[in-house]
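Here's what the structure looks like:
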C-alpha cells in the first residue's frame, strides 16, 4: 500500500537547523484510527501548527545569521543554499522522538481547544499560532484592536501582563464591559470608510496627515510587545476599515522597535496593501491562512522613509467663545470654563470644561457639533460644589459639570463647533459656539543647488552672508561634490549631475523642508528675511518679477502674464508643487534659459502665486526701484557687501542704476 511521506523542519539549536524526516501510517490505517480517536486528530493538528511555527522561526534565524543585513529574504535563502530548503535532510526522527525531545508538555493552545472550536473570528490554526507565540513571552504588553468572543482567551493568556483593547463599535464595547468585568478597553471613532482606502493612502504618501487619530495616553506611553489588528470591521465599502488601525499599529511598533504584529484578514485588499506598505515586506515572519505575522525590530526605525512627511506640530487657537444670551428658559444656567478666547493647544485636541443646570428636566449630556454632525457627546456627571452652592434647591447641581478632550485633527483650518445640551426629556438646548483656527509650525529652510567649482565657491560666499544675518536658519546644499563647510547644515551630493538647469529643477523638489526658499549661488544676504515664510500660510509659491518679459503669445501664454525670476523661489512642499517641477522639467530643453519654460509651467498650473517685493530679489545689474531695505541682493560683482551697503544707504524710494556699481570699489564704507 502507498505510504504518505511528509517532511518537517525543526530548530534544535540556536544556530543549527535540523531537517526531520519521518513516515506516517498508511492512509487506510490513518482513516480508521482517526475515526475512533477524534482527540488524537486534534493533537496532531496542533502539532502541525507548532511545527509550522518552529519552521518559520528556524528559517528566520538561519537567514539572519547567514545573510548580509541588506539582503531580501529571497536573496538570503539563495545565499544559504542552492537547493530548496525541504530537499536537504540532515537527520531522521520519528514523530514520537520529536514529541519526546521537543514537546514534553502539550502546546499552550491545547488548553483553549474547546473554546477555539466554538469561535468563528479566526481559524483555529490562526488562533493557535498567536497563542503559542505569545505564550513564550508572557507576561507581556498586549494590545488588541477589536473586542469579541475571543477576548476572554487573550485576557487569560496574559493574566499577569497588560492587555488592552481598542474598539469602535459601541454595542460590542458595552457587551465586552458587561461580559468581562474589569476588562481594560477604550472606545474610539475612526471616521473612515473602506471605499476611501486608496484616497487616504495617496494623501498620506503626499505628506498629508490623514491617518492619525486621538488615542488615550496609555496607548502611546506603553511599549507594546504584541499587537493584534482584527478591527474595525472592513467587509463592505461603508465599513470603517483597518486603514487607521494598521497605521497606528505601525507607529506604535516602530516607536517600541521590538514588537510582534499580527494582522488578520490579509486576503482582503485593504489589509493586504496597508500591512505591506506600513510594516514592510522584509519584516514578514510568516503567513498562516488569513493571518500575517510581522516582527518590527530596532533595525528599522521609521514608517516608510520614502513617503513619511516631515512632522509638523499642530497648534489650535481659540478665536472666540460665544455663549448664547439670554439663557434658555429650560435652563437655570450654564458656563464654559475652558476653552477661553485666545487659548492655544499644542496637541490635536482642545479641552472642554463647564457646567449646565436644567430646570424641570435635568441636563444629562453636551453634544459637540461640526458641520451639522455630532462629533462627540460628553456626559454631565462631574462634581461642581460651587454650582451646588449657587443652586441649593437643585439636587443635581452638584453633579452638573462636564469635561473632555475634543479631537479636532480632522477639522478644517478655520472651524466652528456648536455646543448644545441634551436634557433628560430628550429636548436639546443650544449653548454657544467655539471658533477655532489651526496653525502649523512647519519646518523651514534654505537650499542651494551648485554643480561645478565656480558655483560651489559662490554658494559658500552666499551662505556665509546668510549665516551672518540668520545663524539659526537651516541650510541644505545639493552639490556635485562633498563640501566641508560648517555653514551648511546638510550636504547632499548629486551623483551624476547634468551641469545645467536640469540639476536645479530636479533637486528643488527634493527639499527636506516643508517651507523652502531656494536662492541662486550669486546672491548676498544683507538682512534677516525670516518673515518671507509666512507667505506660504496663504500661498503655494512666492517669486519676484524678472527684469525682462516675453513679448507676444507664446505656447498659449499671453504677453500679459509676467515672466518671473527663478533665482529666488519660495515654495511649500505639496503634490501640486511636485507636479509643477515635473512639468517644468519636461518643458525645459538645455542649454536654453530656464525662465521661459518656468513661466509656461506656472501659467498652466493651479498654484496660488505671491509676487515677492523687489527687496527680496534685488536684480541690481538691471534698472529698477526699491523702497525698503534690500534683504537679498542678486547678481555678480566683485564686492557684493559694498553694493548692498550703497543700495541700503537710502531709506526712501530709490532708483537702481546699474552704472553706479561699475566702480563700486571706490565707494567708502564710512
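Numbering (the numbering used here), first residue to last: 1 to 670. Ideal placement from N, C-alpha and C gives every residue a C-beta, glycine not left out.
| Query | Result |
| --- | --- |
| Check whether the Cβ atoms of residue 295 and residue 260 lie closer than 9 Å to each other. | yes |
| Three Cβ pairs or more, each shorter than 8 Å: is that satisfied between the region 562–582 and the region 495–511? | yes |
| What residue from 176, 523 and 165 has the CA that sits closest to residue 216's CA? | 165 |
| Please report the straight-line C-alpha distance between residue 196 and residue 178, rounded to a whole angstrom. | 34 Å |
| Check whether the region 536–548 touches the region 646–663, taking contact to mean three or more Cβ pairs, one atom from each stretch, closer than 8 Å. | no |
| Helix, strand or coil for residue 376 per DSSP? | strand |
| Have a look at the DSSP bridge pairing and note the partners of residue 490. | 476 |
| To the nearest angstrom, how far is the alpha carbon of residue 660 from that of residue 620? | 10 Å |
| What number of angstroms, rounded off, separates the C-alpha of residue 158 from the C-alpha of residue 140? | 7 Å |
| Near residue 623, what residues of its chain come up, given a Cβ to Cβ distance below 7 Å and the 5 sequence neighbours on each side ignored? | 656, 657 and 658 |
| So, at 6 Å on beta carbons, what are the nonlocal neighbours of residue 647 in its own chain, with the 5 sequence-adjacent residues on each side left out? | 630 |
| One question on the structure: do residue 317 and residue 439 come within less than 9 Å of each other, judged by their Cβ atoms? | yes |
| Which word fits residue 372, buried or exposed, when buried means at least 16 other C-beta atoms lie within 10 angstroms of its C-beta? | exposed |
| I'd like to check one pair, residue 552 with residue 600: are the Cβ atoms closer than 9 Å? | no |
| Which residues in the same chain have their Cβ closer than 6 Å to the Cβ of residue 627, if we skip the five residues on either side of it in sequence? | 653 |
| Could you tell me whether the region 635–646 touches the region 583–597, using the rule of 3 or more Cβ pairs below 8 Å? | no |
| Can you give me the C-alpha to C-alpha distance between residue 257 and residue 297, rounded to a whole angstrom? | 4 Å |
| Residue 520 and residue 448: beta carbons closer than 9 Å? | yes |
| Going by Cα to Cα distance, which pick from 566, 597 and 602 is closest to residue 577? | 602 |
| Taking the continuous alpha helix (DSSP H) assigned at residue 460, which residues delimit it? | 453–469 |
| For residue 474, which option in 480, 482, 464 and 481 has the closest C-alpha, if you only look at C-alpha atoms? | 464 |
| Helix, strand or coil: which one does DSSP assign to residue 186? | strand |
| So residue 126 packs on residue 193, CB below 8 Å; how close in whole Å? | Not a contact, Cβ separation roughly 26 Å. |
| So, residue 436 versus residue 368, is the Cβ gap smaller than 9 Å? | no |
| Mind listing, in chain order, the continuous alpha helix (DSSP H) runs of no fewer than 4 residues lying wholly within the region 570–606? | 575–587 and 595–603 |
| Given residue 527, which residues of its chain have a CB within under 7 Å of its CB, disregarding the five upstream and five downstream residues? | 469, 629 and 631 |
| Checking 9 Å against the spacing of the C-beta atoms, do residue 186 and residue 155 come in under that value? | no |
| Beta-carbon within less than 6 Å of residue 268's beta-carbon, same chain only, minus the 5 sequence neighbours each way: which residues are those? | none |
| Would residue 264 and residue 229 qualify as a contact pair, given that the criterion is a beta-carbon distance under 9 Å? | yes |
| Just the C-alpha distance for residue 366 and residue 380, rounded to the nearest angstrom, thanks. | 7 Å |
| What residue does the alpha helix (DSSP H) around residue 274 start on, and which one ends it? | 269–279 |
| Skipping 5 residues on each side, what residues in its chain have a beta carbon closer than 6 Å to that of residue 605? | 580 |
| Is the beta carbon of residue 544 sitting closer than 9 Å to the one on residue 564? | yes |
| Cβ atoms of residue 332 and residue 235: under 9 Å apart, would you say? | no |
| Can you have a look at residue 170 and say buried or exposed, based on whether 16 or more other CB atoms are within 10 angstroms of its CB? | exposed |
| Determine the extent of the beta strand (DSSP E) in which residue 172 is found, giving its start and end residues. | Element bounds for residue 172: not the beta strand (DSSP E) but the alpha helix (DSSP H), 170–179. |
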